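Q: Structure provided below as structure tokens; questions to follow.
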Amino acid sequence: MNQTAVLHAPTDWRDFFALTKPRVMRLVIFTGLCGLLAAPVAIDPVIGFTAILCIAMGAGGAGALNQWLEADLDAKMRRTAARPLPSGRMNPTSARDFGFALSGASVFLMFFAVSWLAAAILLFSIFYYVVVYTMWLKPRTPQNIVIGGAAGAFPPLIGWVAATGEITLMPVVLFAIIFFWTPPHFWALALFVRMDYSHAGVPMLPVVAGEQVTRRQILVYSVLLLPLTVLPWIIGGAGAVYGVSAIVLSLVFLALGFRVGMRTSVEDDRMKPEKQLFAWSIVYLFALFGALVIDRWTMLIMAGQ
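Going by the working numbering, the letters in the sequence shown line up with residues 402 to 706, in that order.
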């Protein structure tokens, strides 16, 4: 943590908002909402809204605690140096207290307004991201993204449990999809910002094992992702609208992953294929989970409900 940062300007609401990692939170909220809406039950609007609010608050609180713990690390990386703590715009204590308050409020609200099971999973997801990933895995192992990917895979599981009150095979599959999506998504980013990670001393796979190993691993996970995304259709948790969409979207992902994975040399320093895969991976997850919700609505309309 950067305890020596000099404050150059008063902290305002935008700095607190930046602590929540809004870009990451956007995907968290969306997948959590899709898990909620795809559940095969009638959803109380108030319960549904509260559940998504809690997921957003929990993600924001975890993001703030992550930045509090990694302030010194962020200061060494060009990509993160402008964040509130390394730039000196915020006191570390304020960031810490904000993160704990937001995280705690999210779990308590989920417990009292939704269900104890959803609250328990939310609490574990925050703990996993802050303690297991940020404090333990990230500074110690190049497999940090693989094991730590579970932290970002919880939202659809939480959304489903908030709606149904139980854990079944379908939300576990949704969890697994994001778990296997995370490594190629982050390793594509790590390939074109690897010097940042190297300078900061973060043992990301491209830094520790090299580019070629990273590329092969991206291809392996891209291959594994395709049958996994079709599994909701196979087990009857989703229909043909989702199934066909999953196949098409995953084939594009695989094609981009193959292009990155099979490169033996980099012609220039722009890393165009890697950047394309990273950008598509974000679109891919939004589209995949969006197709899941559309499929659910389509089945309800066809059933006359």
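C-beta atoms are modelled at their ideal positions from N, C-alpha and C, and glycine is treated no differently.
Values in this document were obtained by computation on a predicted structure and should not be read as measured data.
Relative to the alpha-carbon of Trp517, which residue among Arg479, Ala563, Ala551 and Arg484 has its alpha-carbon at the smallest distance?
A: Within the sequence shown, residue 517 is the residue found at index 116, counting from 1. Cα-wise, what sits closest to Trp517 is Ala563.
Q: Identify whether Met703 lies in helix, strand or coil by the three-state DSSP scheme.
A: Your numbering for residue 703 matches position 302 in the sequence shown. Residue state, collapsed to three classes: helix.
Q: Please check the pair Gly459 and Val508, which I expect to be a contact at CB under 8 Å, by giving their CB distance rounded to whole angstroms.
A: For the purposes of this step, residue 459 is taken as the residue at position 58 of the sequence shown. For the purposes of this step, residue 508 is taken as the residue at position 107 of the sequence shown. Indeed they touch by this definition, with Cβ atoms about 7 Å apart.
Q: Distance, Cα to Cα, Trp698 vs Ala639?
A: Counted from its first residue, the sequence shown places residue 698 at position 297. Counted from its first residue, the sequence shown places residue 639 at position 238. In a straight line, the C-alpha of Trp698 is about 11 Å away from that of Ala639.
Q: For Arg427 versus Trp469, is the C-beta spacing smaller than 8 Å?
A: By 1-based counting over the sequence shown, the position of residue 427 is 26. By 1-based counting over the sequence shown, the position of residue 469 is 68. Going by C-beta atoms, Arg427 is not nearer than 8 Å to Trp469.
Q: Go through its chain and collect everything with a Cβ distance to Ala688's Cβ below 6 Å, but skip five positions before and after it.
A: Here residue 688 corresponds to residue number 287 of the sequence shown, with the count starting at 1. Hits under 6 Å: Leu650.
Q: Just curious, the alpha helix (DSSP H) that Gly459 is in, first and last residue?
A: Position 58 of the sequence shown, counted from the start, is the residue given in the question as residue 459. That run of the alpha helix (DSSP H) goes Pro446 to Leu470.
Q: Counting C-beta neighbours from all protein chains within 10 Å, is the total for Arg415 16 or more, i.e. buried, or is it exposed?
A: On the sequence shown, position 14 is the one that residue 415 refers to. Exposed: under 16 other Cβ atoms inside 10 Å.
Q: Alpha carbon to alpha carbon, how far is Ile683 from Phe512?
A: For the purposes of this step, residue 683 is taken as the residue at position 282 of the sequence shown. For the purposes of this step, residue 512 is taken as the residue at position 111 of the sequence shown. The alpha-carbon atoms of Ile683 and Phe512 are separated by roughly 31 Å.
Q: Buried or exposed: Arg480, going by 16 or more other Cβ atoms within 10 Å of its Cβ?
A: On the sequence shown, residue 480 is found 79 positions in, with the first residue counted as 1. Arg480 should be labelled exposed.
Q: How is Arg617 classed by DSSP in three states: helix, strand or coil?
A: In the sequence shown, the residue the question calls residue 617 occupies position 216. The answer is helix: DSSP assigns Arg617 an H, G or I state.
Q: Which residue from Ala610, Thr535, Asn492 and Tyr622 puts its Cα closest to that of Ile579?
A: Taking the sequence shown and counting its residues from 1, the one referred to as residue 579 is at position 178. Nearest option by C-alpha distance: Tyr622.
Q: What is the DSSP secondary structure of Pro584, reduced to helix, strand or coil?
A: On the sequence shown, position 183 is the one that residue 584 refers to. Helix.
Q: Quick one: measure Cβ to Cβ for Ala519 and Ala452, integer angstroms, because I've assumed they're closer than 8 Å.
A: On the sequence shown, residue 519 is found 118 positions in, with the first residue counted as 1. On the sequence shown, residue 452 is found 51 positions in, with the first residue counted as 1. Rounded, the Cβ-Cβ distance is 7 Å, consistent with contact.
Q: Compute every distance between the C-beta of Leu592 and the non-hydrogen atoms of the ligand NAP, then say whether any falls below 7 Å.
A: By its list of ligands, the structure shown contains no ligand whatsoever, and the ligand NAP lies outside what it can speak to.
Q: Just the Cα atoms here: how many angstroms apart are Val574 and Thr432?
A: Reading the sequence shown from its first residue, position 173 is the one you call residue 574. Reading the sequence shown from its first residue, position 31 is the one you call residue 432. Straight-line Cα distance between these residues: approximately 13 Å.
Q: When the Cα atoms are used, what is the spatial distance from Pro607 to Leu620?
A: The count along the sequence shown starts at 1 and reaches residue 607 at position 206. The count along the sequence shown starts at 1 and reaches residue 620 at position 219. If I take the Cα positions, the gap works out to 14 Å.
Q: Inspect the beta-carbon positions of Leu523 and Phe501 and report whether they are closer than 8 Å.
A: Position 122 of the sequence shown, counted from the start, is the residue given in the question as residue 523. Position 100 of the sequence shown, counted from the start, is the residue given in the question as residue 501. No, the Cβ-Cβ distance between Leu523 and Phe501 is not below 8 Å.
Q: With respect to the alpha helix (DSSP H) encompassing Ser504, which residues constitute its N-terminal and C-terminal limits?
A: Taking the first residue of the sequence shown as 1, we reach residue 504 at position 103. That run of the alpha helix (DSSP H) goes Pro493 to Ala514.
Q: So that I know if they touch, is there some Cβ in chain B lying closer than 8 Å to that of Phe654?
A: Of the chains in the structure shown, none is chain B; there is only one protein chain.
Q: Can you list, in chain order, the stretches of the beta strand (DSSP E) that have 3 or more residues and sit fully within the region 620-693?
A: Those beta strand (DSSP E) runs which fall completely within the region 620-693 and span 3+ residues do not exist here.
Q: Excluding five sequence neighbours on each side, which residues of the same chain lie with their C-beta closer than 7 Å to the C-beta of Ala552?
A: What you label residue 552 is simply residue 151 of the sequence shown in a count that begins at 1. Answer for Ala552: Ser526, Tyr529, Tyr530 and Tyr534, listed in chain order.
Q: Could you give the DSSP three-state label for Thr542: helix, strand or coil?
A: The count along the sequence shown starts at 1 and reaches residue 542 at position 141. Of the three classes helix, strand and coil, the one that applies to Thr542 here is coil, per DSSP.
Q: Taking only three categories from DSSP, how would you classify Met478?
A: Within the sequence shown, numbered from 1, the residue matching residue 478 stands at position 77. DSSP places Met478 in coil when its eight states are reduced to three.
Q: Under the three-state reduction of DSSP, which class applies to Leu428: helix, strand or coil?
A: In the sequence shown, the residue the question calls residue 428 occupies position 27. Helix, per DSSP.
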